[in-house]
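Heads up, the thing below is written out as C-alpha cells.
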Amino acid sequence: MIKRRTLLGAAIATGLAALGGVSAVPAWAQASGKTVRVVVPFAAGGVQDILARAMNGELGTALGQTVIVENRAGAGGTIGTGFVAKSEPDGSTMVMAAASHNIAGSLYTKLAYDPQKDFAPLAHIGTAGYVLMIHPDVPAKNVAEFIRYAKANPGKMNYATAGMGSATHLSMAYFNGLAGIDLVHVPLKATGEAINEVISGRAHAVIAASIGALAFAKDSRIRLLGVTSPQRSKYLPELPTIAESGLPGYAFDSWFGLLGPAATPPAEAARINTAMARLLKDPVILERLDKQGIEPKAMSNADFGKLLAVDYKRMADVVKASGAKIE
1 MIKRRTLLGA AIATGLAALG GVSAVPAWAQ ASGKTVRVVV PFAAGGVQDI LARAMNGELG
61 TALGQTVIVE NRAGAGGTIG TGFVAKSEPD GSTMVMAAAS HNIAGSLYTK LAYDPQKDFA
121 PLAHIGTAGY VLMIHPDVPA KNVAEFIRYA KANPGKMNYA TAGMGSATHL SMAYFNGLAG
181 IDLVHVPLKA TGEAINEVIS GRAHAVIAAS IGALAFAKDS RIRLLGVTSP QRSKYLPELP
241 TIAESGLPGY AFDSWFGLLG PAATPPAEAA RINTAMARLL KDPVILERLD KQGIEPKAMS
301 NADFGKLLAV DYKRMADVVK ASGAKIE
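If you use our numbering, the sequence shown corresponds to residues 1 to 327, in order.
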C-alpha cells in the first residue's frame, strides 16, 4: 500500500510538472516514505522519554515508517517544542508532549511559539496523576489535618520540588492557594531529590508523580495523603483524592500525547491517530504504560483538541495561583 501510494504520488508530480511547471505534490502526500521523528523536549530518562521509547518501534510498524526518538532538551522543554512548531507539517516530526506543554504558555513571559495555535493534536496516549506525601513527623493523617496544621504554623513549613515551574512546584503552589496556607518553596533539580528531602525531614511535603510514589506506599519514612487527580488512581486505589480528603475542587494531573505542527493536514493527523489507537489495544504496549503509571486512553483528533483547550485554561489558572513566572 505504501509503495503504491508513493509511486502514484510521483506520477502525479511528473504530470503536474509537464502541464504547468509544478515540481511536486504537497509534502504531506509523500510523508509515508520519510523517517518519523518523535521529539522529546527533555533529557533522556524522564517519563516522556521513556514513554516515547516504549512504543517507537510499534508505532513505526503501525505507520509503515521508521520512527526514531530525538531528545532536544532545554529551557523547560520549550526548545524542543519550538523546533517541532517550525518543522515541516507533513507528519514526519512530532513532539511527545504533556501538561507542561500548556503550562509553558502561562509560565514563560517570552515564548517563541503559541502552545495552542502552533500545534495540531495528533494522538492522545493517556494520563498520570500525582501524590501528596509528607514527613511522618507532621501530625496529619489526611489532607484536612495537614491543612489545619499548616494554618496553625504559617511560614514554618516548606515543600520540596523539582524546580521553579515544574509540575511538582505548580501542583503544590496550586494546593497552597486553594487551601489558603503558606508553605515555603524549596526548589531542587529533580523529583527524586525532593522526595529525599522529605524522607530526611528537611522538607515537610512534596507532590510527586504516582509512579514515583508507588515505591513509598509502605515506607514508614514518608506518608502518602492523597492523589491529585479527579478520581482515585488504579495504582493506589486505597488512597483518597485530595479533593475528597480535605480540599474540594482541587485537581491536577497530566495528559500525554503527540502533537505536530499546526498545518499538519487532517488526513495525516487522522492516520497517526488511528495508528496510536491501535497501539493502545496492544497488551505489550499497555504493560509498558502500566509500568510508568500511565492510564491509557485513545481519543479522536477532535476530542484531543478539546481536551487541550480546556487544559490550557486550567493550567493558566494553576500558574496564576502559583505566582510563578519565568522571563
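The beta-carbon is built from N, C-alpha and C at its ideal position, and this holds for glycine as well. Predicted, not measured: the structure shown is a model, and the values here were computed from it.
For residue i, which beta-bridge partners are listed by DSSP?
i	result
glycine 60	Per DSSP, none; premise fails for glycine 60.
glycine 126	Phe256, Pro296
methionine 133	Val206, Leu224
alanine 120	Gly260
arginine 278	Paired residues: none, contrary to the question.
valine 143	DSSP lists no partner for valine 143.
arginine 37	Ile68, Thr93
alanine 159	It is worth fixing the name first, because residue 159 is tyrosine in this sequence and not alanine. BP columns for tyrosine 159 point to His185, Ala205.
Use the C-beta contact count for residue i: other C-beta atoms within 10 angstroms, 16 or more gives buried, fewer gives exposed.
i	result
glycine 260	buried
glycine 76	buried
glutamate 327	exposed
glutamate 197	buried
aspartate 311	buried
arginine 37	buried
alanine 179	buried
alanine 309	exposed
valine 47	buried
threonine 168	buried
proline 26	Summary for proline 26: the model assigns pLDDT 41, below 50, so the residue's position carries little reliability, and this model does not support an answer.
glycine 155	exposed
serine 322	buried
tryptophan 28	At tryptophan 28 the pLDDT is 41, less than 50, meaning the model places this residue with poor confidence and gives no usable figure here.
lysine 234	exposed
glutamate 287	exposed
proline 248	exposed
My guess is that residue i and residue j are in contact by the Cβ rule of under 8 Å, so how many angstroms apart are they, rounded?
i	j	result
proline 187	glycine 163	5 Å
leucine 132	isoleucine 294	19 Å between Cβ atoms; not a contact.
tyrosine 149	alanine 140	5 Å
leucine 107	glycine 45	That belief does not hold up - the Cβ atoms of leucine 107 and glycine 45 are roughly 23 Å apart, past 8 Å.
The stretch 105–125 touching the stretch 186–194, judged by at least three CB pairs closer than 8 Å: no
Start-end ranges of the alpha helix (DSSP H) lying completely within the stretch 188–271, minimum 4 residues: Counting only runs of 4 or more residues that sit fully inside the stretch 188–271, the alpha helix (DSSP H) segments are 191–200, 210–213, 242–245, in chain order.
Ranges of the beta strand (DSSP E) found wholly within the stretch 54–117, counting only runs of at least 3: The DSSP assignment places 67–71, 93–98 as complete runs of the beta strand (DSSP E) inside the stretch 54–117, in order along the chain (cut-off: 3 residues).
Cβ contact check for the stretch 243–263 and the stretch 65–80: 3 or more pairs under 8 Å: Verdict: no, contact absent.
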